[in-house]
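K.L.:
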Amino acid sequence: MERQKFMYVYDPPLIIKKALPFFYWNTTDNRIMMTFDDGPNPDTTGIILQALNKYGIKSLFFCVGNNVNRYSSLLGEILSEGHEIGNHTYNHRKLSFLDKKVVSDEIESTNSAAMDKFGRRMKFFRPPYGKFDHMTHRIAKSNGLYMVLWSLLTYDFQNNFSVVKKGIKKSLRQNSIIVLHDNSKSKGVLRDSIELIAEEASLKGYKFGTAGTSLSKR
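Using the numbering used here, read the sequence shown as starting at 950 and increasing by one per residue.
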């Protein structure tokens, strides 16, 4: 029997976006924004920062609290170069399977790590794997966090640049929130992926925004 090909869903279906209008799926000012999940990471954060600096792009890094504590110097580099940081939980667990106290601890511990290390209050939250429920949203909101999803998932974690390239060519739009990953699985494609996004944006006349300007408060 012929193996069924994997179907890549780069852009979440419109029906899901409409059902959850209180999340950020796109930017609010028609600028595109690159976001990076899972870091900081000694294998990849430097690669990302170097590539972003080449094009003068500022991004939003959704950080794992455990990594904030382990690699605080890398987080310092992210902040010193003018990037913004968001909450991606402390241990990168699927929150929809956890009870209220554990979810609260995952979110609050990450906020505390950023505040303790750098005096920085996080404003944005992305649930690991995009998995969440209404309880997750309520807890994030009670911690002063706005939930940010995406409109372009690159699948960079598969470490296959042809897959990333197809997604960018197919789904990059004027107000895209793009997901890449600051982790070792993506190491082989990160530099090329960032450069391709920057070049495609230039060809299409798209401008890059930041969380502070492109995610208006709701």
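In this text, a Cβ means the ideal position worked out from N, Cα and C, and glycines have one as well.
1. Under a Cβ-count criterion, where at least 16 other Cβ atoms within 10 Å of its own Cβ denotes burial, should serine 1111 be classed as buried or exposed?
2. Distance check for threonine 984 and glutamate 1055, CA to CA, integer angstroms please.
3. Can asparagine 1108 and isoleucine 981 be called in contact, C-beta distance under 8 Å?
4. Hey, would you say threonine 994 sits closer than 8 Å to isoleucine 1027, going by beta carbons?
5. How would you write the range of the beta strand (DSSP E) that glycine 1035 sits in, first residue to last?
6. Kindly provide the ranges of any alpha helix (DSSP H) runs that are 4 or more residues long and lie completely inside the stretch 991-1026, ordered along the chain.
7. How should asparagine 1002 be labelled, buried or exposed, when 16 other C-beta atoms within 10 angstroms of its C-beta is the threshold for buried?
8. What number of angstroms, rounded off, separates the C-alpha of asparagine 1092 from the C-alpha of tyrosine 1078?
9. Grab me the residues of phenylalanine 1081's own chain with a C-beta within less than 7 Å of its C-beta, minus the 5 sequence neighbours each way, in chain order.
P.N.:
Once the coordinates are examined:
1. In the sequence shown, residue 1111 corresponds to position 162, counting from 1. Its Cβ having fewer than 16 others within 10 Å, serine 1111 is exposed.
2. Your numbering for residue 1055 matches position 106 in the sequence shown. Your numbering for residue 984 matches position 35 in the sequence shown. Using only the alpha carbons, I get a separation of about 20 Å.
3. The residue given as residue 1108 occupies position 159 in the sequence shown. The residue given as residue 981 occupies position 32 in the sequence shown. Not in contact: asparagine 1108 and isoleucine 981 (Cβ atoms no closer than 8 Å).
4. Against the sequence shown, residue 994 aligns to sequence position 45. Against the sequence shown, residue 1027 aligns to sequence position 78. Yes, Cβ-Cβ distance for threonine 994 and isoleucine 1027 is below 8 Å.
5. In the sequence shown, residue 1035 corresponds to position 86, counting from 1. Glycine 1035 -> beta strand (DSSP E) spans 1033-1036.
6. 994-1004 and 1014-1019
7. In the sequence shown, the residue the question calls residue 1002 occupies position 53. Exposed, by the Cβ-count rule.
8. Residue mapping note: residue 1092 aligns to position 143 of the sequence shown, counting from 1. Residue mapping note: residue 1078 aligns to position 129 of the sequence shown, counting from 1. C-alpha separation (whole angstroms): 20 Å.
9. Taking the first residue of the sequence shown as position 1, residue 1081 is located at position 132. Hits under 7 Å: Leu1044 and Ser1045.
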